[in-house]
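For the sequence shown, the UniProt record's numbering begins at 1 and goes up steadily by one.
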Amino acid sequence: FVGTDIKYDEKEEVVNMCKAWDDHKKLGIQEGIQQGLQQGRCLEVYSLVQDGILEPEVGAKRVSMSLDDFVDAMQKAGYKIPELV
């Protein structure tokens, strides 16, 4: 700020900001990996339900969704519920 006599170590500030950005980037990557794993799991369960290997109720339970939400998500992903085929 103008007129303030605050002393700081510019080098330390740069290092701290770089670390903050690096930590933030790592967190974002980790969150992306977790989302990708969850999405892959859902797609696998949708496929098993569509092929008649799992009942829709079991599939919904495996991905921690209500049956209605599961059916909606499955259809939005391009899969079909066997009894609706």
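All C-beta atoms in this analysis are idealised placements derived from N, C-alpha and C, irrespective of residue type, glycine included.
**Prompt:** Should C42 and V63 be called a contact, given that it needs their Cβ atoms to be closer than 7 Å?
**Reply:** As a working note, residue 42 is residue 42 in the sequence shown. As a working note, residue 63 is residue 63 in the sequence shown. Yes, the pair counts as a contact, with Cβ atoms nearer than the cut-off.
**Asked** Ends of the alpha helix (DSSP H) at K68?
**Response** Here residue 68 is taken as the residue at index 68 of the sequence shown, counted from 1. Correcting the residue type first, residue 68 is Asp in the shown sequence and not Lys. D68 -> alpha helix (DSSP H) spans L67 to K76.
**Request:** Have a look at Y79 and Y46 and give me their C-alpha separation to the nearest angstrom.
**Result:** The residue you call residue 79 lines up with position 79 of the sequence shown. The residue you call residue 46 lines up with position 46 of the sequence shown. Distance between the alpha carbons of Y79 and Y46: 7 Å.
**For E57, the first and last residue of its enclosing alpha helix (DSSP H)** = Counting from one through the sequence shown, the residue named residue 57 turns up at place 57. First-last of the alpha helix (DSSP H) with E57: P56 to R62.
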